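Scroll down for the structure; my scribbles are underneath it.
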Amino acid sequence: MTLLRRTLLAAAPAALALPAKAADTAVRGSKAYSESAMVMTVGLDGGSAMTLRFCRFPVEGQTWLWCHIFHEGRFYAFTSHDLPCGGDRLAGAQVAEYRASPLKAELIRVRRGGGALPAVRLSAELMFHESRTAPHGPGRIPGRISCQFLGVSPLGAQVLEGRDEVYGFVDGEVEIGGRKLRLNGPSKFHEQRQEAPRFDQPFNYAWLAGDGANATTLLGAKGASGGWQIDGAETALSDMVLDPPGSDRRVIWKFKNGQAVPGRLKAFVRYEIPVYDRKWQGSFVQGDGPGRRVVGAVNDWLAEPDIYAAAKARAAA
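With the sequence shown counted from 1, adding 181 to any position gets you the numbering used here.
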């Protein structure tokens, strides 16, 4: 046996043990056009939650699908980052049909005239993992979602250019692991288009809802955007201070009218999604907002610089 052959044979087991390259690295850092659409809902009692998100990369031909369900203290996840995508652009269309072939999942958004808010319908039949750290791909637990989003008011204080946020309610049904859940809580729909890399910069994104109130906020390296709608009036953020990811987080919302309102958010579920070679961190929360109890979703993407330390430094300056 030659030395070269012995070297190759010795290296073979190590080569076979190397992890497969994540499919989503094909779009990492891409400045090509991409678009996303999502509906999320959390029960006012914190006993249930559901999200369905599509992210399309028409240039690279890749679709990401995320779906999560919380019910009776149990958490279920389905994600995939290797689904096909056509070259069409949906976000600017009158009727947008987000799908994830060959899987049974869709989000259909219809723009209506006369200033009416969009109509949104979503459905999915997927195999879920019962896990808060689930891998991509199907699990062993069958789940089904069928519901519609009923828009009530749009967010005026835009969090990002090219992103539309609409507050409302969902009406529908979830069946997971042989159990049924009626969805009829506060909800939010967003649709976003961009020509910048996704999951490139650190951020914290939150949607919160309570009696007569909704908020969407985005904290980044240089400040915060978004705002609160309270009893029909919207106040835009000028900045915010937030604890790093954890089960119990203090927050101070700073508004452009000069007010600063403290709050506290406690996660009843924390979970992760593999993105590239790292972990996106999600949570469903309950807590205290401006003068009322709130529920919602708080999500973090960690990278340098430390956006939480930077926010505290701005507040102390």
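Quick reminder that beta carbons are idealized off the backbone N, C-alpha and C, glycines included. Nothing here was measured: the structure is a model prediction, and the numbers come from that model.
Problem set entry | Residue span of the alpha helix (DSSP H) that contains Y214, given as start and end | Y214 -> no alpha helix (DSSP H), and no H or E assigned at all.
Exercise. Does the pairing of the region 405–417 with the region 335–345 give three or more beta-carbon distances under 8 Å?
Worked result: yes
Problem set entry | Spatial distance of L483 from F384 (CA atoms) | 7 Å
Problem set entry | Simplified DSSP assignment, three categories, for K435 | strand
Problem set entry | Beta-carbon proximity of T248 to A297, cut-off 8 Å | The residue you asked about is not Thr; residue 248 is Cys in the sequence shown. Cβ distance not < 8 Å, so C248 and A297 don't count as in contact.
For this session: Would you list the residues sitting across from V240 in a DSSP beta bridge?
Result: Partner(s): none; V240 has no beta bridge.
For this session: Going by CA-CA distance only, name the one from S217, A300, F309 that's closest to L271.
Result: S217
For this session: Would you list the residues sitting across from Y452 in a DSSP beta bridge?
Result: G463
For this session: Output the residue ranges of the beta strand (DSSP E) runs that lie fully inside the region 309–347 and measure 3 residues or longer, sorted by chain position.
Result: 322–335
Exercise. Hey, S229 and L423: beta-carbon distance below 8 Å or not?
Worked result: no
Problem set entry | Per-residue burial, V466 [other beta carbons within 10 Å of its own, 16 or more giving buried] | buried
Exercise. Is the distance from the Cβ of R313 to the Cβ of F256 below 8 Å?
Worked result: yes
Exercise. Looking at the structure shown, is Y457 part of a helix, part of a strand, or coil, going by DSSP?
Worked result: coil
Problem set entry | Distance, G472 Cα to F380 Cα | 33 Å
For this session: Might you give, ordered along the chain, the residues of its own chain that have their beta carbon closer than 8 Å to the beta carbon of A441, omitting 5 neighbours on each side?
Result: I433, W434, K435
Exercise. If you drop the 5 nearest sequence neighbours on each side, which residues of the same chain put their C-beta closer than 6 Å to that of V301?
Worked result: R290, F330, F370
Exercise. Can you give the Cα-Cα distance for K285 and P316, rounded to whole angstroms?
Worked result: 19 Å
Exercise. Opposite F350 in the DSSP bridges: which residues?
Worked result: L331, P367
Problem set entry | Residues bridged to S406 [DSSP beta-bridge criterion] | L399
Exercise. How many Å lie between E346 and N480 at the Cα?
Worked result: 16 Å
For this session: Would you kindly check if the distance between the Cβ of S327 and the Cβ of V351 is under 8 Å?
Result: no
Problem set entry | Collapsed DSSP secondary structure at D487 in the structure displayed | coil
Exercise. Do you know offhand how far D469's Cα is from L389's?
Worked result: 10 Å
For this session: Report, in whole angstroms, the separation of the C-beta atoms of V340 and T397, which I expect to be a contact under 8 Å.
Result: 6 Å
Problem set entry | CB contact flag (G332, G349, <8 Å) | yes
Problem set entry | Coil, strand or helix - D269 by DSSP | coil
For this session: Might you give, ordered along the chain, the residues of its own chain that have their beta carbon closer than 6 Å to the beta carbon of T244, omitting 5 neighbours on each side?
Result: R237, L264, C266, A281
For this session: Determine the DSSP secondary structure at D381, reduced to helix, strand or coil.
Result: coil
Problem set entry | V276 burial status per 10 Å Cβ neighbour count (16 or more: buried) | exposed
Exercise. For L362, which beta-bridge partners are listed by DSSP?
Worked result: V355
For this session: Starting from H262, follow its DSSP beta bridges and name the residues at the other end.
Result: DSSP output for H262 lists no bridge partner at all.
Exercise. Among G463, S428, E354, which residue has its Cα nearest to the Cα of H252?
Worked result: E354
Exercise. From L303 to E287, what does the alpha carbon distance come to, in whole angstroms?
Worked result: 6 Å
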